[in-house]
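See below for the structure under consideration.
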Amino acid sequence: MALSATLPRITQPRVERRAHPWRALRERPLASLGAAILFVWLMAILAGPRIATHDPLQQSLADRLSPPSREYLFGTDKLGRDLFSRVVYAARVSIPVGVMVIALAAAIGTTLGALAGFAGGAVDETLMRVTDVFLAFPPIILALAIAAALGPDLKNAMLALVAVWWPSYARMMRGVTLSIKQQEYVLASVAMGASRGRILLRTILPNAVMPLLVLATVDIGGGVTAAAALSYLGLGVQPPTPEWGALVSDGAEALDQWWLATFPGLAILTVVLAFNLVGDAVQDFLDPRLRGK
Amino acid sequence: MAEVEQRTRQGTALSRRTILKLAAAGTGAAALAPLAGEQTPVAAQEAAPLIIGRNIDDVITLDPQVAGEETYTIVLRGCYDTLITTEPDDPGTIIPWLAESWETSDDALTFTFTLKPGITFASGNELTSADFKFSFDRLRELKALPAYLMDPVASVEAPDPRTLVLTLKAPDAVFLTALCSSNFSAIDSAVAREQGASDQPGADTEDAAVEWLTQNSIGTGPYILTGFTPKDRITMSANPTAWRAPAIPEVIIQAAADTSALKQMLERGDVDLAWGLLNEQIAELRDNPDIAVATTPMLGFIALGMTCDASRNEAVANPIVRQAIKQAIDYDGIRSLQEGALTPPSLVPIGLPGALDPATDGFKRDLTAVTAALTEAGYPDGFAATLATSATEIIGGVQLSLLAEKVQADLAEAGIDVSLEIEDEEIFRPKYRAGDIDLVIGAWYVGYPNPFDLLDNWGPTGNVAINRFRWEAPDHPAVALLTEARRTVDAEARDELVREAQRALLLDAPYTMLIQPVFSYPYRTTITGLVANPTWNFDPATISRT
Numbered sequence: 026m027a028l029s030a031t032l033p034r035i036t037q038p039r040v041e042r043r044a045h046p047w048r049a050l051r052e053r054p055l056a057s058l059g060a061a062i063l064f065v066w067l068m069a070i071l072a073g074p075r076i077a078t079h080d081p082l083q084q085s086l087a088d089r090l091s092p093p094s095r096e097y098l099f100g101t102d103k104l105g106r107d108l109f110s111r112v113v114y115a116a117r118v119s120i121p122v123g124v125m126v127i128a129l130a131a132a133i134g135t136t137l138g139a140l141a142g143f144a145g146g147a148v149d150e151t152l153m154r155v156t157d158v159f160l161a162f163p164p165i166i167l168a169l170a171i172a173a174a175l176g177p178d179l180k181n182a183m184l185a186l187v188a189v190w191w192p193s194y195a196r197m198m199r200g201v202t203l204s205i206k207q208q209e210y211v212l213a214s215v216a217m218g219a220s221r222g223r224i225l226l227r228t229i230l231p232n233a234v235m236p237l238l239v240l241a242t243v244d245i246g247g248g249v250t251a252a253a254a255l256s257y258l259g260l261g262v263q264p265p266t267p268e269w270g271a272l273v274s275d276g277a278e279a280l281d282q283w284w285l286a287t288f289p290g291l292a293i294l295t296v297v298l299a300f301n302l303v304g305d306a307v308q309d310f311l312d313p314r315l316r317g318k
Numbered sequence: 029m030a031e032v033e034q035r036t037r038q039g040t041a042l043s044r045r046t047i048l049k050l051a052a053a054g055t056g057a058a059a060l061a062p063l064a065g066e067q068t069p070v071a072a073q074e075a076a077p078l079i080i081g082r083n084i085d086d087v088i089t090l091d092p093q094v095a096g097e098e099t100y101t102i103v104l105r106g107c108y109d110t111l112i113t114t115e116p117d118d119p120g121t122i123i124p125w126l127a128e129s130w131e132t133s134d135d136a137l138t139f140t141f142t143l144k145p146g147i148t149f150a151s152g153n154e155l156t157s158a159d160f161k162f163s164f165d166r167l168r169e170l171k172a173l174p175a176y177l178m179d180p181v182a183s184v185e186a187p188d189p190r191t192l193v194l195t196l197k198a199p200d201a202v203f204l205t206a207l208c209s210s211n212f213s214a215i216d217s218a219v220a221r222e223q224g225a226s227d228q229p230g231a232d233t234e235d236a237a238v239e240w241l242t243q244n245s246i247g248t249g250p251y252i253l254t255g256f257t258p259k260d261r262i263t264m265s266a267n268p269t270a271w272r273a274p275a276i277p278e279v280i281i282q283a284a285a286d287t288s289a290l291k292q293m294l295e296r297g298d299v300d301l302a303w304g305l306l307n308e309q310i311a312e313l314r315d316n317p318d319i320a321v322a323t324t325p326m327l328g329f330i331a332l333g334m335t336c337d338a339s340r341n342e343a344v345a346n347p348i349v350r351q352a353i354k355q356a357i358d359y360d361g362i363r364s365l366q367e368g369a370l371t372p373p374s375l376v377p378i379g380l381p382g383a384l385d386p387a388t389d390g391f392k393r394d395l396t397a398v399t400a401a402l403t404e405a406g407y408p409d410g411f412a413a414t415l416a417t418s419a420t421e422i423i424g425g426v427q428l429s430l431l432a433e434k435v436q437a438d439l440a441e442a443g444i445d446v447s448l449e450i451e452d453e454e455i456f457r458p459k460y461r462a463g464d465i466d467l468v469i470g471a472w473y474v475g476y477p478n479p480f481d482l483l484d485n486w487g488p489t490g491n492v493a494i495n496r497f498r499w500e501a502p503d504h505p506a507v508a509l510l511t512e513a514r515r516t517v518d519a520e521a522r523d524e525l526v527r528e529a530q531r532a533l534l535l536d537a538p539y540t541m542l543i544q545p546v547f548s549y550p551y552r553t554t555i556t557g558l559v560a561n562p563t564w565n566f567d568p569a570t571i572s573r574t
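In the order they appear, the protein sequences are chains G and Y.
As numbered in the working numbering, residues 26 to 318 make up the first sequence, in order.
As numbered in the working numbering, residues 29 to 574 make up the second sequence, in order.
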């Protein structure tokens, strides 16, 4: 159809691809630092078994609670397991979990938010009241309650986090949808007889990608922290699988063995910091109003 | 009593979790209530209350005829008295307590106790043998966990106010020691009746005093229970009419958020003593010049239990597999978790008469034998099982969840794929009691210093073996041996029978003992008189300020 071929062009006003992403990174040294840290952790995830110096599950009771040394870079835990290897292996759990939680929450929230904004009326009312209910609770407390009710398990912890995270995306998406709905190019496609589904998918969604991406990149750090928090409280990953939050929890009981909580804590710190730095850069880059500030 | 196994949760995980849950319910502030309000100026140091740091999540009730678990031991020791007790620093010697003397009949069936004169309850009522009769009958009729202590008793009579006559169903060499259990304490029967207590058949449904006795005490002990706030604190004040006065008139048992907080409270001097710290934390405290550590060997064990119920786990229920599991555990490694810890081969802990010798009778790790046994049983490639334990239980400084990870790794080397179910006390405990487990790590220590406390509960006819491990072995050779041992007056012959019974248990019992740790109570040197005891932990009334 000739008409449909013209529609994508109608969506063009959204992004002005002036600056190249790499140049943008170069102009922001902090963002480059963040990207570098993320690259290091990506390598740790991909090449974990090669980087780790020991089997992360191998117990060696004779060496329990050894301080950091040449043999055990980050020291050993209460069962004599090598903490360095455990921190490296834990990256394979903690980071993907944080990313997946945000990805799922964004997917669900965006869909429902767009639906609410576009359909309006009773659908909008119902969905927004549901988000109100979720937003009425402090998120981590609600996640705790859900995770505790479902039982301690990684999947349940992720489910709980997605459950508390999607409403913010739904809210954001609804607002964006409402404002885009009134734009002339949308009215134009309505006038041209485009179906509602088509307008939603081809006209509104592409224009909402930018704020969505901004919110998501800034949120990933929070996702990693929240997942670690649930594990810290024993509601996430179950032993012996190493996970940063659980590792910090182990260490919190033995403060004299400073290395137990410090190294996994630093791992969380660097990853969250890196995601936030990169997230800020993405935000600057995608939001022309902030560019150059 | 014996059921001290639902025990301490010094653990950090629960505390943190609980606090967050409480916060969700809007009561977080109460759980986090600072100790600051309790601080007494230095000038009033003499009168400063004794503050015991301790996680009290295990306290369900403080009713002497119902209480179990662990914290209750010091509360009952402080608020109530038994007829007889053991020397605080020598559990083998029985001494008079509220009874000034006793006689045993020639047929060893009747015990006649004469009470000390002039002992009064906090209410002012004089203690009579009728109070003991009421208490003992109530213990039996409430049918709570410690009720089994009354099983050997045929009747309790109070012919005159100072004489109590106990008649047994059969001669019992163990009974006198069992009477030292704090569940045999006397309560003020007049006040108890006013509060709805009953000693009549049907008391298990009609008695209405358990709740009240969790907030109040009606004993002859040096203290009166003045308050109990769940998960926060227990308070006791001196009993003005007590026959033995406490050195420090006020006692506060204060919960901490977790073990590291508890340790810091002790280091700062916010608490006088900390009960339930981790092994590693106690080791660190030993370097502190302001802190001393009282210790006593645990008269009990932390054990790995296995189900005999094939509908739960067919592999674990196979006796050959269970024996293989016993040989797959790295006992030497587990013992190295704590200095001074022991590995009892079977139910009787080392230090009690009738214990087996770990050098000759204990299991040794032998993975070749394990592989052979698993192949014979039809599991050449191993099998999967769950291992449940409490997330927060710490026994003698040893964290049960840490042991679970150790056992998981040991069994993994034998090809057994164990997944852990490390759960909150309120989830784990009912599951364990109902036997809803494949493998489990649990602990038990004596409520009176005698091996039969363990043998009665964990032996083939004991409630733990039957209900938790679903072991049906009424004809097990150990049953006859133990029945005979109970009737044997000669100590050496009795110990030999107990040893023989345990050797029989080694062959097929659904459990193996992992470790017998040491109990440690680190305290500030500003207090003195703390005597560690393996059954009641310590007596707050003997502690004074230096």
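No residue lacks a Cβ here, since even glycine has one placed at the ideal position from N, Cα and C.
Model, not experiment: these values are computed from the prediction.
1. Using C-beta distances below 6 Å, list every residue in its chain close to I330 (chain Y), excluding the 5 sequence neighbours before and after it, in chain order.
2. By DSSP, does T135 (chain G) sit in helix, in strand, or in coil?
3. What would DSSP say about N307 (chain Y), mapped onto helix, strand or coil?
4. Does G470 (chain Y) have its Cβ less than 8 Å from a Cβ in chain G?
5. Should W283 (chain G) be labelled buried (16 or more other beta-carbon atoms within 10 Å of its own) or exposed?
6. Using a Cβ cut-off of 7 Å, pull out every chain G residue sitting near A259 (chain Y), in sequence order please.
7. Below 7 Å between beta carbons is the criterion; list the residues of the segment 61-82 of chain G that meet it against any residue of chain Y, in chain order.
8. Alpha carbon to alpha carbon, what distance is there between R552 (chain Y) and A64 (chain Y)?
9. Please give the ranges of any alpha helix (DSSP H) in the segment 95-163 of chain G, keeping only runs that are unbroken, at least 4 residues long and fully inside the region.
10. Anything in the segment 287-298 of chain Y with a Cβ closer than 7 Å to a Cβ of chain G? List those residues in chain order, please.
11. Is K206 (chain G) near the ligand NAD, going by C-beta to nearest heavy atom under 7 Å?
12. Measure the Cβ-Cβ separation of I469 (chain Y) and L428 (chain Y) and say whether it is below 8 Å.
13. Thinking just about the alpha-carbon of each residue, which of G:S91, G:S193 and G:L280 is nearest to the one in G18 (chain G)?
14. What distance in whole Å lies between the Cβ atoms of I80 (chain Y) and I281 (chain Y), which are believed to be in contact at a cut-off of 8 Å?
15. Quick check on F64 (chain G): buried or exposed, where buried means 16 or more other Cβ atoms within 10 Å of its Cβ?
16. Determine the direct distance from the alpha carbon of L192 (chain Y) to that of A186 (chain Y), and round the result to whole angstroms.
17. Measure the beta-carbon distance from V181 (chain Y) to L194 (chain Y) and round it to whole angstroms, keeping in mind my assumption that it falls under 8 Å.
18. Below 8 Å on C-beta distance, what does I450 (chain Y) contact in chain G?
19. Are the C-beta of S364 (chain Y) and some C-beta of chain G separated by less than 8 Å?
20. Which residues, in order along the segment 89-106 of chain G, keep a beta-carbon less than 7 Å from a beta-carbon of chain Y?
21. Does A279 (chain G) get closer than 8 Å to chain Y when you measure Cβ to Cβ?
22. Taking 8 Å as the CB-CB cut-off, is L285 (chain G) touching chain Y?
23. Pick helix, strand or coil for F456 (chain Y), following the three-state DSSP scheme.
24. Given this structure, state the Cα-to-Cα distance separating A72 (chain Y) from A95 (chain Y), to the nearest angstrom.
25. For V1 (chain G), which residues of its own chain have a beta-carbon under 8 Å away from its beta-carbon, when the five flanking residues on both sides are left out?
26. Check Q544 (chain Y) in the structure and name its three-state DSSP category.
27. With a 10 Å radius around its C-beta and 16 neighbouring C-beta atoms as the bar for buried, classify M217 (chain G) as buried or exposed.
28. Are the segment 516-533 of chain Y and the segment 342-354 of chain Y in contact at 8 Å, needing three or more beta carbon pairs?
29. Distance, Cα to Cα, G328 (chain Y) vs V426 (chain Y)?
30. Using alpha carbons as the reference points, say which of G:P54, G:A253, G:L258 and G:R199 lies closest to L230 (chain G).
31. Is the beta carbon of V187 (chain G) closer than 8 Å to that of A130 (chain G)?
32. Alpha helix (DSSP H) containing F480 (chain Y): first to last residue?
33. Quick one: what does DSSP say P277 (chain Y) is sitting in, helix, strand or coil?
34. For S11 (chain Y), does the three-state DSSP call read helix, strand or coil?
35. Output, in chain order, the set of chain G residues within a Cβ distance shorter than 8 Å of E222 (chain Y).
36. Quick one: which chain G residues come within Cβ less than 9 Å of K354 (chain Y)?
Walking through what the data contain:
1. Against the second sequence, residue 330 (chain Y) aligns to sequence position 302. The beta carbon of I330 (chain Y) lies closer than 6 Å to those of I423, A471, L542 and I543 in the same chain, with the five residues before and after it left out.
2. In the first sequence, residue 135 (chain G) corresponds to position 110, counting from 1. In the three-state reduction of the DSSP assignment, T135 (chain G) falls in the helix class.
3. The residue you call residue 307 (chain Y) lines up with position 279 of the second sequence. DSSP places N307 (chain Y) in helix when its eight states are reduced to three.
4. Numbered from its first residue, the second sequence carries residue 470 (chain Y) at position 442. Answer no: the Cβ-Cβ gap between G470 (chain Y) and chain G never drops below 8 Å.
5. By one-based count along the first sequence, residue 283 (chain G) stands at place 258. Counting Cβ neighbours within 10 Å, W283 (chain G) comes out exposed, since fewer than 16 surround it.
6. Within the second sequence, the letter at position 231 stands for residue 259 (chain Y). For clarity, residue 259 (chain Y) is Lys in the given sequence; the question names Ala instead. Those do not exist, as K259 (chain Y) stays about 16 Å from chain G at its closest Cβ, beyond 7 Å.
7. The residues in question are L82.
8. In the second sequence, counting from the first residue as 1, residue 64 (chain Y) sits at position 36. In the second sequence, counting from the first residue as 1, residue 552 (chain Y) sits at position 524. Because the pLDDT of A64 (chain Y) is 41, which lies under 50, any placement of that residue in the model is unreliable, and the question is left without a value.
9. 108-144 and 146-160
10. T287 and S288
11. What this structure holds is no ligand at all, so the ligand NAD is not there to describe.
12. Along the second sequence, one-based indexing puts residue 469 (chain Y) at 441. Along the second sequence, one-based indexing puts residue 428 (chain Y) at 400. The answer is yes: Cβ separation under 8 Å.
13. Given that chain G is displayed from residue 26 to residue 318, the structure contains no residue 18 (chain G) and the question cannot be resolved.
14. The sequence position of residue 281 (chain Y) within the second sequence is 253, counting from 1. The sequence position of residue 80 (chain Y) within the second sequence is 52, counting from 1. That belief holds up - the Cβ atoms of I281 (chain Y) and I80 (chain Y) are roughly 5 Å apart, short of 8 Å.
15. Counting from one through the first sequence, the residue named residue 64 (chain G) turns up at place 39. F64 (chain G) should be labelled exposed.
16. Reading the second sequence from its first residue, position 158 is the one you call residue 186 (chain Y). Reading the second sequence from its first residue, position 164 is the one you call residue 192 (chain Y). Computed Cα separation, rounded: 5 Å.
17. For the purposes of this step, residue 181 (chain Y) is identified with residue 153 of the second sequence, where counting begins at 1. For the purposes of this step, residue 194 (chain Y) is identified with residue 166 of the second sequence, where counting begins at 1. That pair is a contact at about 6 Å.
18. In the second sequence, counting from the first residue as 1, residue 450 (chain Y) sits at position 422. Under the 8 Å cutoff, chain G gives P177, G259, Q263 and P264.
19. On the second sequence, position 336 is the one that residue 364 (chain Y) refers to. So, interface residue.
20. L90, K103 and L104
21. Mapped onto the first sequence, residue 279 (chain G) falls at position 254. At least one chain Y Cβ lies under 8 Å of A279 (chain G).
22. By one-based count along the first sequence, residue 285 (chain G) stands at place 260. It does not; no Cβ of chain Y falls within 8 Å.
23. The sequence position of residue 456 (chain Y) within the second sequence is 428, counting from 1. In this structure, F456 (chain Y) counts as helix in the three-state DSSP scheme.
24. By 1-based counting over the second sequence, the position of residue 72 (chain Y) is 44. By 1-based counting over the second sequence, the position of residue 95 (chain Y) is 67. Residue placement at A72 (chain Y) is poorly supported in this model, since its pLDDT is 44, which falls under 50; the coordinates still yield a value, given next. Roughly 35 Å between the two C-alpha positions.
25. Beyond the ends of chain G as shown, which are 26 and 318, falls residue 1 (chain G); an answer cannot be given.
26. Here residue 544 (chain Y) is taken as the residue at index 516 of the second sequence, counted from 1. Residue state, collapsed to three classes: strand.
27. As a working mapping, residue 217 (chain G) is identified with position 192 in the first sequence. With fewer than 16 other Cβ atoms within 10 Å, it is exposed.
28. no
29. By 1-based counting over the second sequence, the position of residue 328 (chain Y) is 300. By 1-based counting over the second sequence, the position of residue 426 (chain Y) is 398. Using only the alpha carbons, I get a separation of about 13 Å.
30. Position 205 of the first sequence holds residue 230 (chain G). Shortest Cα-Cα distance from L230 (chain G) to any of G:P54, G:A253, G:L258 and G:R199 involves G:R199.
31. Sequence index remark: in the first sequence, residue 130 (chain G) carries index 105 (1-based). Sequence index remark: in the first sequence, residue 187 (chain G) carries index 162 (1-based). For A130 (chain G) and V187 (chain G), yes; Cβs fall inside 8 Å.
32. In the second sequence, counting from the first residue as 1, residue 480 (chain Y) sits at position 452. Unbroken alpha helix (DSSP H) run through F480 (chain Y): F480 to W486.
33. Counting from 1 along the second sequence, the entry for residue 277 (chain Y) is found at position 249. Three-state result, P277 (chain Y): coil.
34. This structure cannot speak to residue 11 (chain Y), because chain Y is shown only from 29 to 574.
35. For the purposes of this step, residue 222 (chain Y) is taken as residue 194 along the second sequence, with counting starting at 1. Per Cβ cutoff of 8 Å: no residues; E222 (chain Y) is ~41 Å from chain G at best.
36. Within the second sequence, the letter at position 326 stands for residue 354 (chain Y). The premise fails here: K354 (chain Y) is roughly 19 Å from chain G at the closest Cβ pair, so nothing lies under 9 Å.
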